[in-house]
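Participant: Sharing a structure with you now.
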Amino acid sequence: MPHDSLSTPHRERPRRGHLQARKLGVYLLAVLFAVLGLAGCGGPGADSEAPPEQALNRTVTIAAGALPSSVNELIAQTRAADTGLIYFMLYLPLLKENTDFKDGPATFGPRLAHAWEFSDDRRQLTFHLREDAKWSDGVPITADDVRFTWEAQRSPEVAWSGLEMKTPIVDVEVIDPHTVRFHYETPYANQLVDAAQGVILPKHVWSELPFSAWRESNLWFQERAVSSGPFVLERWQEGERLVLRRNEHYFSEQMPAYDTLVIRAVPDEATRIAQLRAGEANFSIIEPAGAVMVKEIPGLELIAYDYRQIGFVTWNQRRPIFQDVRVRQALTFGIDREAIVETLNFGYSRLTASPYLIGAWVYNENLERRPYDPDQARALLAEAGWRDTDGDGVVDKDGEPLRFTLETNNESKLRQNITVMIQEQLSRVGIDVEVGSADFGALIERERAGNFDASVLGIGIDTSWNLDALFHSRSIGAHSWNLGAYRNEEVDRLIDEIQAVAEPADAKPLHDALQELIWREQPVTILYQNQKLVATQGIGNVAPSMISAWANVAAWQLVDD
Amino acid sequence: MRRLVHRLPAGAPLGALVTLVALVASGVLAPWLAPHPPERQYEDGKLLPPLSLRVVVPLDAEHDRLRVADRVSAAGADAARPGLLVFEHRGERVEVDTGLHAADDLATPVRFWLGTDAIGRDVFSRLLFGARLSFSLAGLALVMMLGVGVLVGACAAFGGRLIDGLLMRAVDGLLAFPMFFLVIALVAVFGRGLGTLVAVLGLTSWMGLSRMVRAELLSLRDRDFVTAARGLGLGPLRILFRHLLPHTLTPLVIQASFAVAGLITAEAALSFFGLGVEPPDASWGNLMQDGRIWIGSAWWISMFPALCLALTVISLNVLGDALRDYLDPRAIRP
Amino acid sequence: MAVYLVRRLASAVLLLWVLLSATFLLIHLAPGNPVDLMLGEERVSVEFRASEIARLGLDAPLGEQYLRWLGAMVRLDWGTAHDGRPALGKLLVALPATILLAFGVVMVRYGLGIALGVLSAVRQDRWQDHAIRIVTLVLFALPTFFLSYLAIEWLSVRAGWVPTGGMRSDQPPATLVARALDILRHLLLPALVVGVSSCGRIVRLVRGGLLDVLQQDYVRFARARGLSSRRVLWRHALPNAIGPVVQHLGVSLPQLLSGLLIVEIIFAWPGIGRVAFEAVGQRDYAVILASTSLSGLLVVIGSLATDWVHAAMDPRVRDAQA
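Here's what the structure looks like:
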């Protein structure tokens with residue numbers, strides 16, 4: 000512990016010196032310069048390289064919490080973190096998934112592939128690649144790269160986290176350098192989505208390394224990040240920054256309007272905001288608490304955008320009290336979700352009752368949101384037999400008071416505050432809630448074993464619109480997300496039917512019915528859909544998407560002052 | 000003896016003592032002194048500067064929903080709607096029907112002595128409750144630290160050469176180790192309940208104390224009164240607790256005053272990493288942490304807890320020095 | 000000297016082993032596992048989760064994991080971080096930055112501490128003396144992180160004198176000298192904050208030592224010989240009063256490293272403290288253990304170095320160690 004005090008208990012006797020203080024000074028200075036020199040050239044691929052030839056005069060700087068973990072999508076640590084998505088700036092996928100999910104099932108635009116078609120039996124999918132697409136070293140991008148990517152994605156040695164998306168693709172056949180055909184066992188709803196997932200990797204460079212070594216070779220990829228996207232990696236200074244430069248071989252007409260993109264690691268949010276204010280950075284992700292401040296600073300712009308995550312309360316239906324649907328409904332009526340969003344999230348969340356993303360085509364617009372209604376909650380509890388018979392302010396049934404523990408993960412200050420707020424709100428309808436928190440990993444482990452009452456957690460919602468993991472009875476226990484052990488045959492049937500529909504758009508009525516059913520049943524109480532925030536300074540045309548805060552980074556414009 | 004020390008101004012120790020007692024008392028009496036519940040958020044009262052005077056308006060009978068206003072311009076004026084309140088807030092006229100009776104009684108003017116934070120909580124009240132938590136945490140950790148320190152020190156002093164050597168080498172080693180890394184890792188892994196914090200802080204800070212206890216005990220071991228007690232056939236434990244430890248009390252108290260300062264600072268440092276006391280509870284550390292981004296504008300959020308913390312540390316240091324001067328003339332210090 | 004060195008190192012290694020083993024067991028015994036933390040709230044397949052657990056070797060019994068880890072440590076293999084980089088490599092890349100920052104802090108702390116200490120002694124019990132005492136005490140009493148934010152707000156954002164953080168500019172200047180200056184400019188703020196907040200103790204050490212030395216016969220003699228009092232102070236008194244200060248440096252190294260952890264995060268300084276802190280957040284066991292051992296080793300090396308300087312300055316200490 001920093002256990003300093005200003006005083007020393009016992010005085011040291013002064014000693015007579017021989018080495019002159021001046022000599023010591025010279026020595027110390029020498030060490031200083033040695034260290035300066037060392038620090039100056041530290042880091043792989045750092046300053047030893049010559050500075051770029053042309054003068055760089057237009058730079059956009061992102062102040063990020065941490066640097067991405069890898070340039071290689073397949074070994075990058077997580078798909079969730081915004082900072083993990085560096086590979087989208089460097090590498091292109093076959094198709095671009097339009098991030099607007101409003102009008103219907105995912106649509107795709109051309110990227111490396113300019114055209115694609117299914118065979119009549121939908122068991123073959125052929126892509127036609129752009130002939131002008133080149134890697135940043137000038138080598139053309141071909142069907143071989145596509146096949147190589149598929150091999151890497153499926154390799155158990157690489158162990159990509161998205162591997163299961165590629166399992167239905169049994170083969171990728173190279174027809175000619177610019178034509179490639181994906182083979183499937185059977186047709187299913189998400190064929191195109193699965194095929195388009197993942198960026199295409201440079202075979203002519205990365206195939207030198209056997210798959211078995213990929214996981215341990217992060218640095219190797221860094222040094223060989225031959226890219227296809229709008230940027231090339233110029234420098235990777237570990238712990239400090241990435242410097243990306245515009246890729247002159249990029250085929251798109253939409254070249255970035257600036258030369259250099261710097262992603263700087265600034266772990267502390269207060270410092271990130273200070274960098275925006277000092278004009279040292281143009282873009283930063285911030286927390287709701289910081290947003291309150293950013294709003295008041297002239298020159299800084301605050302952008303709130305919907306994020307693909309919902310927050311919800313799980314009621315553990317292994318516990319008899321939560322098995323009665325009326326009790327679950329009463330709990331929802333008794334929680335003032337509006338107040339939670341307003342006061343705790345600073346208003347930066349959106350109220351929702353659906354497990355799908357608000358505004359997406361699958362989202363059921365007719366779903367009524369249960370308002371906060373303590374009277375209704377009390378009535379429902381009474382109907383279910385819970386009444387305050389002993390006058391202690393807590394409802395009871397058969398002599399047992401309605402009492403449970405509401406937990407959350409202690410990494411989230413927000414969720415801890417939510418549990419306290421829910422505790423207070425539910426006490427008004429006569430429910431005695433204790434709050435608790437635990438480390439995320441520990442909590443999840445315990446919940447999967449069924450050892451909890453109720454919890455506040457969040458979950459990422461992806462655009463495959465598959466609620467299997469959340470509500471299907473086969474997802475109870477082990478490793479999945481049906482933490483409350485919810486079991487309903489009708490729900491199981493609807494989830495399975497949705498996945499069996501070949502044309503995703505046809506499943507809309509099923510999605511609506513499923514949401515209705517879940518809304519009536521309240522296996523979980525959905526609190527809100529998250530929003531995330533970015534602050535910008537001196538740049539325009541910033542449009543974060545659900546996938547990434549810097550989704551359209553190549554289209555950002557520097558605002559000239 | 001030549002006196003080389005800074006002669007403290009005569010009033011300094013007394014001032015320090017008064018300051019410290021006031022700070023501790025404000026923590027102990029927080030529930031009675033605090034003008035607002037520490038977690039209550041006044042929706043319209045965000046970032047009010049110190050000394051702001053506002054009217055608090057309840058919107059329901061349970062006082063769960065409150066608004067604050069600059070002033071109430073009409074209350075209960077309309078006989079048909081006795082709960083109607085008209086008030087002005089930041090230049091806007093707001094009309095609210097509280098649905099309650101005698102609305103004029105419910106609109107009470109309140110002063111926010113040290114302003115409010117970004118979500119409209121009263122800084123003064125949180126400061127008081129923060130003192131409560133910071134002091135109890137430091138106090139509990141101190142007890143743990145004293146326990147371990149005295150135990151290890153006594154074992155080393157009376158356990159024979161081998162145990163003494165082993166324990167003191169271990170203490171030397173632990174002192175030379177950047178414990179903070181370990182503390183952070185442990186708190187991060189085991190959660191930051193009050194118990195964990197106390198245990199981790201207490202268990203990583205006893206080394207200097209045990210070394211001092213050992214030195215004191217060794218110097219006492221062969222003194223006459225101990226020999227006499229031994230001659231009377233008293234057991235070693237009895238001798239230790241009845242005769243030896245009371246003699247180490249003075250240096251222990253002095254060390255403890257410096258230690259408490261260190262422990263309070265350590266909690267604040269942990270709060271910086273988001274590993275201090277859990278929200279929404281307030282400690283001085285996490286109050287400062289919450290207010291850090293506002294340091295250039297709403298300075299009152301972090302400045303007052305920082306001042307309290309500094310006052311505490313300074314008082315404890317001055318007191319420790321004074322105690323040493325008056326109680327322990329053997330120790331000479333620069 | 001050699002025997003002494005070996006003994007110091009041996010006991011340091013022994014202690015490190017005990018501490019690391021304790022850390023190892025504690026973090027592994029704690030509930031939850033790093034894979035779930037890493038995957039967060041993303042839904043991934045059961046197989047992937049299992050394969051990640053296996054990759055990190057967390058599926059083996061604890062005893063086996065411990066022995067495997069111990070064996071690796073003996074072979075000086077510090078393990079692999081979650082992101083696939085070698086744990087030691089991650090830390091070594093960050094090491095120069097930490098050493099540089101520590102050096103800057105030491106320069107400020109002792110430079111300022113000695114200067115103010117001398118002033119305090121020369122102006123004993125006058126207003127300068129009291130002012131220095133009060134100011135250093137207040138700076139000492141305020142938490143480092145609070146001072147850091149104050150410094151960023153006033154010296155950087157408002158005044159614009161120095162950058163808010165980082166170790167060097169995005170585009171490195173062309174010449175070597177310019178690069179060194181660039182780094183120094185970035186170093187100024189964090190070094191100043193930590194150095195200034197901790198110089199109070201040095202002031203007191205120097206002041207006390209000087210007042211003591213100035214009373215001694217040889218100083219009186221030098222004065223009597225007619226040497227100017229400035230010359231007496233700087234050439235005769237100060238070098239003799241500085242021993243405890245050098246010793247203090249050795250003793251305070253652990254606290255110095257702990258203090259750097261905070262400023263490395265606030266000032267975005269790419270040092271080992273930050274690597275360690277990120278590892279704690281991700282429960283990256285290999286990096287946590289490696290950084291614990293590395294910081295322990297650093298302290299041992301640092302205190303050996305100060306012992307050596309101390310010995311070089313004072314033959315009696317040197318003889319005692321031989």
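Protein chains in written order, with numbering that gives the first Met the number 0: chain U, 0 to 560; chain G, 0 to 333; chain F, 0 to 321.
A virtual CB, placed ideally from N, CA and C, is assigned to each residue, including glycine.
All values derive from a computational prediction rather than experimental measurement.
Counting only Cβ-Cβ distances shorter than 8 Å, please list the residues of the region 179-203 of chain F near chain U, keeping chain order.
Facilitator: For the region 179-203 of chain F, which is checked against every Cβ of chain U, the residues closer than 8 Å are A179, I182, L183, S197, G199, R200 and R203.
Participant: Can you list, in chain order, the stretches of the alpha helix (DSSP H) that have 4 or more residues and sit fully within the region 156-210 of chain F?
Facilitator: The qualifying runs are 175-196.
Participant: Note down the Cα distance separating V455 (chain U) from N465 (chain U), rounded to an integer number of angstroms.
Facilitator: Cα-Cα distance, rounded: 21 Å.
Participant: Taking only three categories from DSSP, how would you classify K95 (chain U)?
Facilitator: Residue state, collapsed to three classes: strand.
Participant: By DSSP, does S211 (chain U) sit in helix, in strand, or in coil?
Facilitator: S211 (chain U) falls in the helix class under three-state DSSP.
Participant: Within 10 angstroms of the Cβ of R273 (chain F), are there 16 or more other Cβ atoms? Answer buried if so, exposed if not.
Facilitator: Answer is buried; the Cβ neighbour count reaches 16.
Participant: Grab me the residues of V147 (chain G)'s own chain with a C-beta within less than 6 Å of its C-beta, minus the 5 sequence neighbours each way, in chain order.
Facilitator: So the qualifying residues of the chain are W205.
Participant: Between which two residues does the alpha helix (DSSP H) containing Y65 (chain F) stretch?
Facilitator: Residues L61 to V73.
Participant: What do you get for A9 (chain F), buried or exposed, if any count of 16 or more other CB atoms within 10 angstroms of its CB means buried?
Facilitator: Exposed.
Participant: Closer than 7 Å by C-beta to L89 (chain U): which residues in its own chain qualify, once you throw out the five before and the five after it? Chain order, please.
Facilitator: Cβ neighbours of L89 (chain U) beyond the five flanking positions: V70, A224, S226, G228, F230 and L232.
Participant: Given this structure, state the Cα-to-Cα distance separating D452 (chain U) from L24 (chain F), to the nearest angstrom.
Facilitator: Cα-Cα distance, rounded: 30 Å.
Participant: In whole angstroms, give me the CA-to-CA distance for K89 (chain F) and L516 (chain U).
Facilitator: Taking the straight line from one Cα to the other gives about 51 Å.
Participant: Would you report the Cα separation of A153 (chain G) and R222 (chain G), rounded to the nearest angstrom?
Facilitator: When rounded, the distance between both Cα atoms is 16 Å.
Participant: Hey, quick one: how far does the alpha helix (DSSP H) through E150 (chain U) stretch, first residue to last?
Facilitator: Taken as a continuous stretch (DSSP letters only), the alpha helix (DSSP H) holding E150 (chain U) covers A142 to R153.
Participant: Is T407 (chain U) helix, strand or coil when you go by DSSP?
Facilitator: Strand, per DSSP.
Participant: Do we get a CB-CB distance below 8 Å when we pair A140 (chain G) with the residues of chain F?
Facilitator: Not closer than 8 Å to any Cβ of chain F, the Cβ of A140 (chain G) fails to qualify, so no.
Participant: Quick one: is V188 (chain G) near chain F, going by C-beta distance under 8 Å?
Facilitator: So yes, V188 (chain G) belongs to the interface.
Participant: Let me confirm a value: P104 (chain U) is counted as buried when at least 16 other C-beta atoms fall within 10 Å, else exposed. Which label applies?
Facilitator: P104 (chain U) comes out buried.
Participant: Out of U:Q76, U:N281 and U:N56, point me to the one whose CA is closest to Q170 (chain F)'s CA.
Facilitator: For the residues U:Q76, U:N281 and U:N56, the minimum Cα distance to Q170 (chain F) belongs to U:N56.
Participant: Give the secondary structure of N281 (chain U) by DSSP, where H, G and I count as helix, E and B as strand, and everything else as coil.
Facilitator: N281 (chain U): coil per DSSP, three-state reduction.
Participant: Strictly under 8 Å for the Cβ-Cβ distance: is P60 (chain F) near chain U by that measure?
Facilitator: Chain U, which has no Cβ nearer than 8 Å to the Cβ of P60 (chain F), makes this no.
Participant: If I follow the unbroken alpha helix (DSSP H) through G510 (chain U), where does it start and stop?
Facilitator: At residue 510 (chain U) the sequence reads His, which differs from the Gly that was named. That run of the alpha helix (DSSP H) goes K507 to E520.
Participant: Which of the three DSSP states is assigned to L47 (chain G) in this structure?
Facilitator: L47 (chain G) falls in the coil class under three-state DSSP.
Participant: Helix, strand or coil for E433 (chain U) per DSSP?
Facilitator: Correct three-state label for E433 (chain U): strand.
Participant: What does a CB cutoff of less than 6 Å around G16 (chain U) pick up in its chain, not counting 5 residues either side in sequence?
Facilitator: Unreliable placement is indicated for G16 (chain U), whose pLDDT of 40 sits below 50; no coordinate value is reported for it.
Participant: Taking 8 Å as the CB-CB cut-off, is A117 (chain G) touching chain U?
Facilitator: Chain U contact via Cβ: present.
Participant: Let me know the beta strand (DSSP E) ranges lying completely inside the region 416-478 of chain U, each 3 residues or longer, listed in chain order.
Facilitator: Qualifying beta strand (DSSP E) stretches, in chain order: 431-437 and 453-459.
Participant: Can you confirm whether G537 (chain U), when its beta carbon is compared against all beta carbons of chain F, has any partner nearer than 8 Å?
Facilitator: Answer no: the Cβ-Cβ gap between G537 (chain U) and chain F never drops below 8 Å.
Participant: What is the DSSP secondary structure of K133 (chain U), reduced to helix, strand or coil?
Facilitator: Of the three classes helix, strand and coil, the one that applies to K133 (chain U) here is strand, per DSSP.
Participant: Does any C-beta atom of chain U lie closer than 8 Å to the C-beta of H27 (chain F)?
Facilitator: No, its Cβ sits nowhere closer than 8 Å to a Cβ of chain U.
Participant: Cβ closer than 7 Å: which chain C residues qualify as neighbours of I272 (chain U)?
Facilitator: The chain inventory of the structure shown lacks chain C, comprising the protein chains U, G and F.
Participant: Please tell me whether S218 (chain G) has its Cβ less than 8 Å away from any Cβ of chain F.
Facilitator: Chain F contact via Cβ: absent.
Participant: So with CB distances below 7 Å, who are the chain F contacts of G179 (chain G)?
Facilitator: Inspection of the sequence shows that residue 179 (chain G) is occupied by Phe rather than by Gly. Neighbours of F179 (chain G) on chain F, chain order: S257 and L260.
Participant: Hey, does P266 (chain U) have any beta-carbon neighbour from chain F nearer than 8 Å?
Facilitator: Judged by the 8 Å Cβ criterion, P266 (chain U) is in contact with chain F.
Participant: Here's a check: name, in chain order, each residue in its chain whose Cβ is nearer than 7 Å to the Cβ of W480 (chain U), leaving out the five neighbours to either side.
Facilitator: Here the set comprises I458, A468, L469 and S474.
Participant: Taking only the alpha-carbon atoms, compute the straight-line gap between L100 (chain F) and L196 (chain G) and give it to the nearest angstrom.
Facilitator: Each residue's alpha carbon lies about 29 Å from the other.
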